[in-house]
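For the sequence shown, the numbering used here puts the final residue at 82, and the numbers step up evenly by one. See structure below.
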Amino acid sequence: MRTSNPNRTFQQHIRDLPIESQWPIENFKAHNIHAVLASMQEGSALAVCDGSFKKGSGAAAWVLEAAEGQGRISGTNHVPGNDTVQSS
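Next up, the structure:
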């Protein structure tokens, strides 16, 4: 079991994920991440995502926001896989 190190950054935690789990969060920006985490623990965070598939390529964007807009994490990604496993 892995223990949490409070001195590690969000980016370091992402790099420790298996490579196949990193693609959804390959490009992201964070503002006041601690407010987002607290809001998630309280059950008041809001998440929205949208994706598109066109000309054989998939892409998506997402945002996770703390209650009252106190902080946010947002990102974009290229969705892996061929056109037979994607839809839009």
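We treat Cβ as the ideally placed atom computed from N, Cα and C, and that holds for glycine. Since this is a predicted model, take the numbers as computed values, not measurements.
Annotated three-state conformation of Arg66 is strand, per DSSP. Asn71 sits close to Ala54, with the two beta carbons spaced by under 9 Å. Glu14 counts as exposed, since fewer than 16 other C-beta atoms from the protein chains shown sit within 10 angstroms of its C-beta. Each residue's CA atom was taken as its position, placing Gly45 and Gly52 some 7 Å apart. With respect to Leu58, Val30 sits close: the two C-beta atoms are nearer than 9 Å.
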